[in-house]
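*Asks:* Handing you a structure now.
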Amino acid sequence: MTRCTPTRRALIGLAAALLAIAASPAFADKPLRIGATAGPVGRTLAFAADLARKQGQTVEIVEFTDWVTPNEAVADRDIDANLFQHVPYLQAAIKARGYRLVPVAGAIVLPVGLFSKTLKSLDQVPAGASVAIANDPVNAARGLRLLQAAGLLTLKPGIGDEASIADIVENPKRLRILELDAAQLPRALDDVALAQVSFTYLIASGGDPKSSLITDGAGDRRYTLSFVARPDNRDDPRLAAFIRTYRSPEVKAFIEQSYQGYLEPAW
C-alpha cells in the first residue's frame, strides 16, 4: 500500500483544488462579457479582468460611448452585465424603456462636478450665462441640485430625482440652462460658461478633476455605480466570481492609487 506523506497529501489537495476551479461553472469556457463606459470605469474593470484571468476566468470588457446602449445590450443578451450607472438612473431607465434589469452589487461612487474653462470660482458666473446639464431625467435633477448647492438657483422644496427645469423657483442670475447628452458635456465647455460633467467623461476626455468648482457624489452611496444584469442571470456563477474579484483589496488599492479619492470604492 502506498503511504500518503504530508507532502504528497498537500500536492493531492492542491491538484484537487485546481480541478475544482477548472470544473466550476464560474470558470466555464464561455467568456463573461461586461459593458462599461470608457475612462475610469472601463479601466477599473480591465484591471479586475486581468486579475480574473490569472484565476482562470476569461472576462471581456465591452466599452460604450453613451448611457443608453449598455442597458440595451444587456436586455438583448449581447452582453451579460454592465457597470456604468447608479440605481436611481437604472430605475428611471426601467420606467422609461421597460427594461427587465436588476442591480446586483455596488462597485464605485463617481462624483459629478461643475466645470468651466473661463471661470475660476462660482461667484464669477455672470448674469445670463449659459449652463449645460445632462439631459436624462435623473442626472438632470442631479445637475440642478448641484447648481442649487452652488447658490446659483433655488428649486421647489423637497424635490429630489424628479427635479426639472420647471421646478426652478428662483434664478437670480437668469441662467440659460441647456440640456445635453452627458457624453457631450465635456465638449460643451468650449461654448458655455459652466457645465455639469460626470467624472466618467471628464477623465476620459483628459480633464482634470481638481479643476471642479463644486462636486457631489463623494461619500453619497445613492450614487454608487452598480453591476446590472437581467433577473435570469443575476446569480450567474461567472458574474458572482468576477464581482468577488472586482471587490478585492487589489482592485481597491488600484482605484485609490490611480484616482486619489475621485473614485470611491463602495465595499
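According to mature numbering (1 follows the signal peptide of the UniProt record, and there is no 0), the sequence shown holds residues -28 to -1, 1 to 239 in order. Ideal Cβ placement from N, Cα and C applies to all residues, glycine included.
1. Assess contact between the region 119 to 133 and the region 44 to 52, defined as three or more Cβ pairs (one per stretch) separated by less than 8 Å. Is contact present?
2. Asp95 to Gly115, Cα distance in whole Å?
3. Using only the alpha-carbon positions, how far apart do Leu86 and Lys2 sit?
4. Do the region 139 to 156 and the region 35 to 44 make contact, defined as three or more Cβ pairs closer than 8 Å?
5. Can you tell me whether Ser93 is helix, strand or coil according to DSSP?
6. Could you check how far apart the C-beta atoms of Pro42 and Phe56 are, in whole angstroms? I think they sit under 8 Å.
7. Tell me, to the nearest whole angstrom, how far the beta carbon of Thr9 is from that of Ile227; I am working on the premise that it is less than 8 Å.
8. Residues in the same chain with beta-carbon distance under 8 Å from Ala165, minus the five sequence neighbours each way, listed in chain order, please.
9. Using only alpha-carbon positions, find the residue among Ser220, Ile66, Ser184 that is nearest to Gln27.
10. What did DSSP end up calling Ala99 once you bin it into helix, strand or coil?
11. By Cβ distance below 7 Å, which residues in the same chain neighbour Val59 in space, the five residues on each side in sequence not counted?
12. Let me check understanding here. Comparing Cα to Cα, which of Val110, Leu147, Tyr231, Ala106 lies closest to Gly123?
13. By the three-class DSSP mapping on this structure, what secondary structure does Arg15 have?
14. Under 8 Å by Cβ, that's how I've got Ile33 and Gly14 pegged, so tell me the actual separation to the nearest angstrom.
15. Can you tell me whether Ala138 is buried or exposed? The criterion is at least 16 other CB atoms within 10 Å of its CB, across all chains shown.
16. Who are Arg146's beta bridge partners in DSSP?
17. Buried or exposed: which applies to Val200, given that a residue is buried once 16 or more other Cβ atoms fall within 10 Å of its Cβ?
18. Which runs of the alpha helix (DSSP H) at least 4 residues long sit entirely within the region 15 to 97? Give them in chain order.
19. Taking the alpha-carbon positions, what's the Ile(-17) to Lys224 distance?
20. Check the C-beta distance from Pro109 over to Ala64 and give it rounded, since I have them as a contact under 8 Å.
21. So, Leu125 versus Ile140, is the Cβ gap smaller than 8 Å?
22. Regarding Leu127 and the ligand COA, is the C-beta to nearest heavy atom distance less than 7 Å?
23. For Leu73 and Leu185, what's the separation of their Cα atoms in angstroms?
*Replies:* According to the structure shown:
1. no
2. Along the sequence shown, one-based indexing puts residue 95 at 123. Along the sequence shown, one-based indexing puts residue 115 at 143. Taking the straight line joining both Cα atoms gives about 18 Å.
3. Mapped onto the sequence shown, residue 86 falls at position 114. Mapped onto the sequence shown, residue 2 falls at position 30. Each residue's Cα considered, the two are about 42 Å apart.
4. yes
5. By one-based count along the sequence shown, residue 93 stands at place 121. Of the three classes helix, strand and coil, the one that applies to Ser93 here is coil, per DSSP.
6. Mapped onto the sequence shown, residue 42 falls at position 70. Mapped onto the sequence shown, residue 56 falls at position 84. That belief holds up - the Cβ atoms of Pro42 and Phe56 are roughly 5 Å apart, short of 8 Å.
7. Sequence index remark: in the sequence shown, residue 9 carries index 37 (1-based). Sequence index remark: in the sequence shown, residue 227 carries index 255 (1-based). Thr9 to Ile227, Cβ: 16 Å. No contact.
8. Walking along the sequence shown from the start, residue 165 turns up at place 193. Only Ser88, Thr90, Leu91, Val97, Pro98, Ala101, Ser102, Val103 meet the Cβ criterion.
9. As a working note, residue 27 is residue 55 in the sequence shown. Minimum Cα distance to Gln27 is reached at Ser220.
10. Within the sequence shown, residue 99 is the residue found at index 127, counting from 1. Note: Ala99 maps to coil in three-state DSSP.
11. Mapped onto the sequence shown, residue 59 falls at position 87. Counting only residues of its own chain and dropping the five nearest sequence neighbours on each side, Val59 has a CB closer than 7 Å to the CB of Pro75, Ser198.
12. On the sequence shown, position 151 is the one that residue 123 refers to. Comparing Cα-Cα distances from Gly123 to each of Val110, Leu147, Tyr231, Ala106, the minimum goes to Leu147.
13. Numbered from its first residue, the sequence shown carries residue 15 at position 43. Three-state result, Arg15: helix.
14. Position 61 of the sequence shown, counted from the start, is the residue given in the question as residue 33. Position 42 of the sequence shown, counted from the start, is the residue given in the question as residue 14. Right, their Cβ atoms sit about 6 Å apart.
15. Here the question's residue 138 lines up with position 166 in the sequence shown. Result: exposed.
16. Here residue 146 is taken as the residue at index 174 of the sequence shown, counted from 1. DSSP lists no partner for Arg146.
17. Translated into the one-based positions of the sequence shown, residue 200 becomes position 228. Counting Cβ neighbours within 10 Å, Val200 comes out buried, since at least 16 surround it.
18. Runs of the alpha helix (DSSP H) inside the region 15 to 97: 41 to 47, 59 to 69.
19. Taking the first residue of the sequence shown as position 1, residue -17 is located at position 12. Taking the first residue of the sequence shown as position 1, residue 224 is located at position 252. Note that Ile(-17) has pLDDT 35, beneath the 50 cutoff, so the model's placement of it is unreliable and the number below is only indicative. Between Ile(-17) and Lys224, the C-alpha separation is close to 33 Å.
20. The count along the sequence shown starts at 1 and reaches residue 109 at position 137. The count along the sequence shown starts at 1 and reaches residue 64 at position 92. Yes, Pro109 and Ala64 are in contact; Cβ-Cβ is about 5 Å, under 8 Å.
21. On the sequence shown, position 153 is the one that residue 125 refers to. On the sequence shown, position 168 is the one that residue 140 refers to. Yes, Cβ-Cβ distance for Leu125 and Ile140 is below 8 Å.
22. The ligand content of the structure shown is nil, which means the ligand COA is not present either.
23. For the purposes of this step, residue 73 is identified with residue 101 of the sequence shown, where counting begins at 1. For the purposes of this step, residue 185 is identified with residue 213 of the sequence shown, where counting begins at 1. Between Leu73 and Leu185, the C-alpha separation is close to 35 Å.
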